[in-house]
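**Student:**
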Amino acid sequence: MGFMARLQIILFAYSKGITSSREMQWSCETNIIFKALSCDTVPHFTTLASFVSRHVDEIEVLFEQVLLVCHEQGLLGNELFAIDGCKMSSDASKEWSGTFKELDEKREKLRGLIRHHLLEHYARDEAETEADLDRDIRRAKTILSLDTAMNKVDRFLKTHSPRMGRGKRIKEVKSNLTDNESAKMTTSKGTIQGYNGVATVDKKHQIVIDAQAFGEGQEHHTLQPVLETVEARFQKLEIAENIYQQGTVVTADTGFANEANMKYLHERQINGYIPDNQFRSRDPKFADQKDKYGKRHQNLPDKGWRETTPASAFQFDPVKLTCICPAGEKLTYRGQREADNGKIRVHFEGRLLQCRHCPKKYRCMQNPSSADHRNGAGRQVSFIIGNNNLPNYTGWMKHRVDSPKGKEIYSHRMSVVEPVFGNIGTTKRLNRFSLRGKKKVQGQWQLYCLVHNIEKLANYGHLDAS
């Protein structure tokens, strides 16, 4: 069976919400439409299962060809692009994820269990009854399973290095033994192990112009590669030489907002509207939204939040980077970090022994008992250094999105991109990836979006039936 025949089967199966290769094979045996698409042949499920994995590059070429047809049919407006991500689980087990420290502890725990079962086995004499024989057989199988799992963790730790995140603070993120390119992400439906499918959608007919998969839950670092890919693709297909210089508006939600991205938009002169996470709180229209639409008349528990000694009571030296608390003790310097608004904050923390015996800790600390044990922490305080009045790119974007024009433009974002995810994930039931590896998952994500684009082409295009 050729490439086109298998492609037809998989695209039609995806359009009906079928992602299982075994179900596709069964459909080719029983469904008349699948029979016609497969020329009355029955491809083996392994042939269908390996199709996406083996033809990732061809799938991207096909995605671009369909996008070009959409452009020729007048389905692209190039007026507004909306970018958003859809987190979906993949063929990876979140139980086999963890930092290198956690995986090392898991290995030692498995080794201890093996030792325990071996000692239990050696402590008993030879089996005297059939029940004793069955018990010994079960124990031997348990030891074999534990040994296999321990070797799996041990082999991973010896052949891989810790995986570092891309957030504001560079720290280790959880690795995964089954698919180390995937990520453990928190969604509204719980924690999943999978990928974030980022889609760029044109406003006119909700055509997906770019689809990429990222193995990180954070979306900050995905904006620049997505914008560059869209620009290069439009040049390659001769749709536009420089799409962003033609007045095209780019919108994205607060997950894409940080100082580096705002600087990128400003320097590239891209007409972007990406609000920060305080966008709604600054809008007077949303001042009473919690009282109007939230859960009213609740007897909320007292969270115990109380007034403490403010940071202004601490003596901070911005030159020597030292801090003295109201009790006269010197706090430990904890480094500098960039805040969401691009400003640099210097962090300090009191030593445990200082805060533990300090008579002012009940007025200074929110939780005074946290200094009483070794795993706790002393009083923490931070200060902004540099000229606080200097303009930054986040402030430039705040001014844009808070303007009446910015609010009107940004209000279109949700109506452009969210229906696409609803059609793909809910209507088509394409709500999880069945592959492992970033490249393979991206190929499958492009096929999902390709099904959506072909449907739009059939509904709004003017193609000749021949």
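Numbering-wise (this note's numbering), the sequence shown opens with residue 72 and increments by one. Quick reminder that beta carbons are idealized off the backbone N, C-alpha and C, glycines included.
#1: Would you list the one or two residues that DSSP bridges to Met256?
#2: According to DSSP, what are the bridge partners of Asn342?
#3: At which residues does the beta strand (DSSP E) containing Glu420 begin and terminate?
#4: Should the region 149-164 be regarded as contacting the region 481-492, the criterion being three or more beta carbon pairs within less than 8 Å?
#5: Does DSSP classify Met72 as helix, strand or coil?
#6: Since Trp516 and Gly268 are thought to touch, with beta carbons under 8 Å apart, how far apart are those beta carbons, to the nearest angstrom?
#7: Using only alpha-carbon positions, find the residue among Leu119, Asn463 and Lys432 that is nearest to Glu409.
#8: On the three-state DSSP scale, how would you describe Phe385?
#9: Is the region 519-527 in contact with the region 84-97, if contact means three or more CB pairs nearer than 8 Å?
#10: Helix, strand or coil: how does DSSP classify Leu151 here?
#11: Does the pairing of the region 234-249 with the region 129-142 give three or more beta-carbon distances under 8 Å?
#12: According to the neighbour-count rule (16 or more other Cβ atoms, all chains shown, within 10 Å of its Cβ), is Lys527 buried or exposed?
#13: Between Val127 and the rest of its own chain, which residues show a CB-CB distance below 6 Å, the 5 nearest in sequence each way excluded?
#14: Is Arg304 buried or exposed, if buried means 16 or more other CB atoms sit within 10 Å of its CB?
#15: Below 7 Å CB to CB, which residues in the same chain sit around Arg351 once its five sequence neighbours on both sides are set aside?
#16: Nearest-angstrom Cα distance between Val123 and Glu299?
#17: In chain order, what are the residue ranges of uninterrupted beta strand (DSSP E) at least 3 long that sit wholly in the region 270-296?
#18: Quick one: is Gln317 buried, meaning 16 or more other Cβ sit within 10 Å of its Cβ, or exposed?
#19: Give me, in chain order, the residues of the same chain whose beta-carbon lies closer than 6 Å to that of Glu309; leave out the 5 immediate sequence neighbours on both sides.
#20: Excluding the 5 residues preceding and the 5 following His292 in the sequence, name in chain order all residues of the same chain whose CB lies nearer than 6 Å to its CB.
#21: Give me whichever residues DSSP pairs with Arg234 in a beta bridge.
#22: In this structure, does DSSP put Ile80 in helix, strand or coil?
#23: Helix, strand or coil for Cys394, going by three-state DSSP, please let me know.
#24: What first and last residue would you give for the beta strand (DSSP E) that runs through Tyr404?
#25: Over the uninterrupted alpha helix (DSSP H) stretch that includes Val113, give me the two end residues.
#26: Does the region 440-448 come close enough to the region 395-406 to have 3 or more Cβ pairs within less than 8 Å?
#27: When the Cα atoms are used, what is the spatial distance from Cys435 to Asn348?
#28: Pull the bridge partners of Gln451 from the DSSP assignment, please.
#29: Measuring straight from C-alpha to C-alpha, what distance separates Phe26 and Met221?
#30: Kindly indicate the opening and closing residues of the alpha helix (DSSP H) around His188.
#31: Ignore the nearest five residues each way along the sequence and tell me which others in Ile241's own chain have a CB closer than 7 Å to its CB.
#32: Within the same chain, show all residues whose beta-carbon is closer than 6 Å to that of Asn149, passing over the 5 residues directly before and after it, in chain order.
#33: Per the contact definition of three or more C-beta pairs closer than 8 Å, is the region 160-170 in contact with the region 496-505?
#34: I need the straight-line Cα distance from Ser537 to Asn494, nearest angstrom please.
#35: Do Phe492 and Val452 have their beta-carbon atoms positioned less than 8 Å apart in this structure?
#36: DSSP three-state label for Met159, please.
**Tutor:** According to the structure data:
#1: Ile263
#2: Val320
#3: Ile415 to Glu420
#4: yes
#5: coil
#6: 5 Å
#7: Asn463
#8: coil
#9: yes
#10: strand
#11: no
#12: buried
#13: Lys510 and Gly514
#14: buried
#15: Phe357
#16: 25 Å
#17: 279-285
#18: exposed
#19: none
#20: Arg237
#21: Val244
#22: helix
#23: strand
#24: Thr403 to Glu409
#25: Counting along the chain, Val113 falls outside any alpha helix (DSSP H), and DSSP gives it neither H nor E.
#26: no
#27: 29 Å
#28: Glu420
#29: An answer regarding residue 26 cannot be provided, because it is not within the stretch 72 to 537 covered by the chain.
#30: Phe171 to Ala194
#31: Met235
#32: Thr319
#33: yes
#34: At Ser537, the pLDDT of 47 sits below 50, so the modelled position is not reliable; the number obtained from the coordinates is stated separately. For Ser537 and Asn494, the distance between alpha carbons rounds to 28 Å.
#35: no
#36: strand
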